[in-house]
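Sequential numbering from 35 applies to the sequence shown in our numbering.
The beta carbon of each residue, even a glycine, is placed where N, CA and C say it ideally should be.
Please read the structure below before turning to the comments.
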Amino acid sequence: MRRALGYCFYACRCPMRGPGQRQNKQREFRFLKADGCDKVRRDRLAQKRLGHAWPRRLRGVDTMALIDPSTVVSCIRSELARGRIVVANFSDTAKAALFYVIALSLAGTIAATTSTWGASTLHVLMLTPAAAVLVMMLLVTDDGRYRAAWTSLDLHKAGLNGWPFAIMVPTLVLGGTYAVTWVSGLAEIHAPVTNGLLKFFLVALLGLAFSTFFAMGEEIGWRGYMLPRLKTLGVLRAMLVVGFLQGVWHLPIMLATPWYHSSGSKFIVVPLFLVTLTLAGVLFGYLRFTSGSVWPCAIAHAVYNIAWDTLTGITAASSSPETLEYVAGESGILPILGLSVVAAWIWIARRTAVISASGYTSGESTASAKSRR
């Protein structure tokens with residue numbers, strides 16, 4: 035649509051002084067229309083070819099004198115068919131905000147239609163951030179036209195140097211959490227029988243691969259798209275903000291459906307959950323920046339989910355399930371303590387490495403993907 039309106043713009047700003055000159059300008063206009071360059075290059079070529087500096091305001095020249103209305107309509111239809119309904123040059127912060135509004139709206143929609151999805155509600159929900167990225171890149175902006183915008187998500191990099199940390203930290207945090215509950219008597223362990231031990235680990239491994247796929251649906255949005263666009267806030271602040279907003283994004287499914295954290299008081303569970311996700315944002319952000327890839331983030335996310343499910347499956351609360359939810363679980367007090375230690379270590383011992391890997395400098399104004407090109 036912008037391209038079609040641009041045609042009108044060029045036509046309106048061509049001064050008309052006679053039939054011969056009108057024909058010359060029309061030929062120039064057709065040449066510009068056929069040129070497949072971007073707006074900046076079109077402006078420069080137009081000023082060079084038309085030989086004058088265009089005025090800032092329109093002179094009231096009849097647009098239709100140079101271009102047939104059917105051509106405008108066909109151009110607009112062509113742009114709509116390509117899916118570029120709204121094309122604008124947003125700042126990176128604005129892009130992150132718009133992405134979040136879309137992702138949160140999709141989460142609310144999934145929560146409102148949970149009867150349609152049933153037990154698959156959580157899996158469908160985890161894919162909505164990736165869907166929001168597609169909407170941003172293909173419909174809201176024209177970043178999807180450029181290869182650099184897609185590669186900026188860093189899906190093409192494996193980030194193998196971050197995999198050991200991504201597997202080890204969630205395992206230690208939740209393993210230590212449940213070990214404390216077993217030793218303290220808050221819960222009892224029901225380990226699998228020996229002849230089923232191999233099957234148990236094979237099922238856990240298969241679950242890890244399955245969980246990584248859906249975790250990637252989230253991480254493409256949070257750490258692939260949103261986090262790099264909020265670096266102007268500062269690296270630590272950006273990691274914390276993205277983690278907190280990721281937690282808020284879960285609230286529709288937590289508050290409106292029975293599929294996620296249904297036990298316990300919401301007045302206790304929700305604050306604990308938001309603190310957990312905020313601290314986990316530092317871990318995931320560290321993996322994102324130091325590995326240069328989204329894959330370690332998705333693996334850490336998946337390992338955390340699988341460890342939670344597996345350890346919960348072999349643990350029985352001695353008193354009540356609510357106690358185990360508040361103390362252990364995915365977002366109890368003990369996991370918060372463990373993630374606090376990890377976040378503090380990252381920012382104290384690895385602060386320089388994180389900032390250097392993120393490419394952030396104080397006072398930096400991050401350009402949008404299009405302006406960087």
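Practice task
Could you tell me whether the Cβ atoms of Ile-340 and Ser-245 are closer together than 7 Å?
Solution key: Yes; because the gap between Cβ atoms is below 7 Å, this pair is in contact.
Practice task
Take every Cβ of the region 185 to 192, pair it with every Cβ of the region 252 to 264, and state whether three or more of those distances are shorter than 8 Å.
Solution key: Inter-segment contact for the region 185 to 192 and the region 252 to 264 is present: three or more beta-carbon pairs are separated by less than 8 Å.
Problem - Inter-residue spacing [alpha-carbon to alpha-carbon] between Val-316 and Val-375 - result: Answer to the nearest angstrom: the Cα atoms are 11 Å apart.
Exercise for the section: Would you mind listing the alpha helix (DSSP H) stretches within the region 257 to 337 that are 4+ residues and don't spill past its ends, in chain order? Expected result: Those alpha helix (DSSP H) runs which fall completely within the region 257 to 337 and span 4+ residues are 269 to 290 and 300 to 325.
Practice task
Report, in whole angstroms, the separation of the C-beta atoms of Leu-161 and Phe-248, which I expect to be a contact under 8 Å.
Solution key: That pair is a contact at about 7 Å.
Practice task
For my contact list, Gly-255 and Ala-137 are in at a C-beta cut-off of 8 Å; report their separation, rounded to the angstrom.
Solution key: The beta-carbon separation of Gly-255 and Ala-137, rounded to 6 Å, stays under the 8 Å limit for a contact.
Practice task
Give every residue of the same chain whose Cβ lies closer than 6 Å to the Cβ of Arg-257, excluding the five residues on either side of it in the sequence, and list them in chain order.
Solution key: The residues are Phe-318, Arg-322, Val-328 and Cys-331.
Problem - the region 137 to 149 / the region 264 to 284 touching (three or more Cβ pairs under 8 Å) - result: Short answer: they touch.
Handout entry: Cβ-Cβ distance between Gly-298 and Glu-364 below 7 Å
Key = Going by C-beta atoms, Gly-298 is not nearer than 7 Å to Glu-364.
Problem - Rounded Cβ spacing between Leu-208 and Trp-379 (contact assumed at less than 8 Å) - result: Actually they are not in contact, since the Cβ atoms of Leu-208 and Trp-379 sit about 17 Å apart, beyond 8 Å.
Problem - DSSP-derived helix/strand/coil call for Ala-387 - result: Look at Ala-387 here: in three-state DSSP terms it is helix.
Problem - Close-in-space but distant-in-sequence residues of the same chain around Ala-153 (CB under 8 Å, 5 per side omitted) - result: The beta carbon of Ala-153 lies closer than 8 Å to those of Trp-293 in the same chain, with the five residues before and after it left out.
Exercise for the section: Count the other C-beta atoms from every protein chain shown that fall within 10 angstroms of the C-beta of Leu-279, then say buried if there are 16 or more, exposed otherwise. Expected result: Burial is judged here by how many other beta carbons sit within 10 angstroms of a residue's own beta carbon; Leu-279 has at least 16 and is buried.
Handout entry: Exposed unless 16 or more other CB atoms sit within 10 angstroms - verdict on Leu-311
Key = Buried.
Handout entry: Same chain, Cβ closer than 7 Å to His-157, five either side skipped, listed in chain order
Key = Cβ-Cβ distances below 7 Å link His-157 to Phe-248 in the same chain, with the five nearest sequence neighbours on each side left out; the list follows chain order.
Exercise for the section: Count the other CB atoms, across all protein chains shown, that sit within 10 Å of the CB of Ile-370; report buried if there are 16 or more and exposed otherwise. Expected result: Ile-370 should be labelled buried.
Practice task
Go to Ala-221, then tell me how far its beta strand (DSSP E) extends in each direction, as first and last residue.
Solution key: According to the DSSP assignment, Ala-221 belongs to the beta strand (DSSP E) that extends over 221 to 223.
Handout entry: Residue environment, Ile-302, which counts as buried when at least 16 other CB atoms sit within 10 Å
Key = Per the 10 Å Cβ criterion, exposed.
Exercise for the section: Note down, in chain order, each residue of its chain lying with its Cβ closer than 6 Å to the Cβ of Ala-130, except the 5 sequence neighbours on either side. Expected result: Beyond the five residues adjoining it in sequence on each side, Ala-130 comes within less than 6 Å, by CB distance, of Met-260, Arg-263 and Leu-264 in the same chain, given in chain order.
Exercise for the section: In the DSSP assignment, find the alpha helix (DSSP H) that holds Ala-200 and state where it starts and stops. Expected result: For Ala-200, the enclosing alpha helix (DSSP H) starts and ends at 197 to 218.
Exercise for the section: Would you decide whether Ser-392 is buried or exposed? Buried here means 16 or more other CB atoms lie within 10 Å of its CB. Expected result: Taking all protein chains in view, the Cβ of Ser-392 is crowded by 16 or more other Cβ atoms within 10 Å, so the residue is classified as buried.
Handout entry: Of the listed residues Gly-268, Ala-166, Ile-287 and Ala-238, nearest to Glu-253 (C-alpha basis)
Key = With distances taken between CA atoms, Glu-253 lies nearest to Ala-166 out of Gly-268, Ala-166, Ile-287 and Ala-238.
Exercise for the section: Give the straight-line distance between the Cα atoms of Pro-204 and Pro-355, rounded to the nearest whole angstrom. Expected result: Roughly 22 Å between the two C-alpha positions.
Problem - Min CB distance Leu-373 to chain D below 7 Å - result: Reference to chain D is not applicable here, since this structure consists of a single protein chain.
Handout entry: Nearest-angstrom Cα separation, counted from Gly-277 out to Arg-345
Key = One detail in the question is off: residue 345 reads as Leu in this sequence, not Arg. Roughly 24 Å separates the two Cα atoms.
Practice task
Decide if Pro-163 is buried, meaning its Cβ has at least 16 other Cβ atoms within 10 Å, or exposed.
Solution key: Looking at its Cβ environment, which holds 16 or more other Cβ atoms inside 10 Å, Pro-163 is buried.
Handout entry: Rounded C-alpha distance that separates Leu-172 from Tyr-180
Key = Using only the alpha carbons, I get a separation of about 10 Å.
Exercise for the section: Take Gly-410 and list the residues in its own chain whose beta-carbon comes closer than 7 Å to its own, dropping the five residues that flank it on each side. Expected result: The shown model of the chain, from 35 to 407, leaves out residue 410, and the question about it has no answer.
Problem - Three-way DSSP call (helix, strand, coil) for Ala-141 in this model - result: Helix.
Problem - Cβ pair Ala-362, Tyr-212 closer than 7 Å - result: It is a contact, given that the beta carbons lie within the stated cut-off.
Problem - Pairwise C-alpha distance: His-335 and Gly-372 - result: In a straight line, the C-alpha of Gly-372 is about 15 Å away from that of His-335.
Practice task
Please name the residue in Val-337, Ile-389, Ala-272 and Ile-367 whose C-alpha comes closest to that of Ala-200.
Solution key: Among Val-337, Ile-389, Ala-272 and Ile-367, the Cα nearest to that of Ala-200 is on Val-337.
Problem - Proximal residues to Met-288 (C-beta, below 6 Å), its chain only, five neighbours per side dropped - result: Within the same chain, Met-288 has close Cβ partners Tyr-294 and His-295.
Practice task
Could I get the ranges of all uninterrupted alpha helix (DSSP H) runs contained in the region 153 to 196, with 4 residues as the minimum, in chain order?
Solution key: Counting whole runs of 4 or more residues, the region 153 to 196 contains the alpha helix (DSSP H) stretches 155 to 160, 162 to 169 and 181 to 185.
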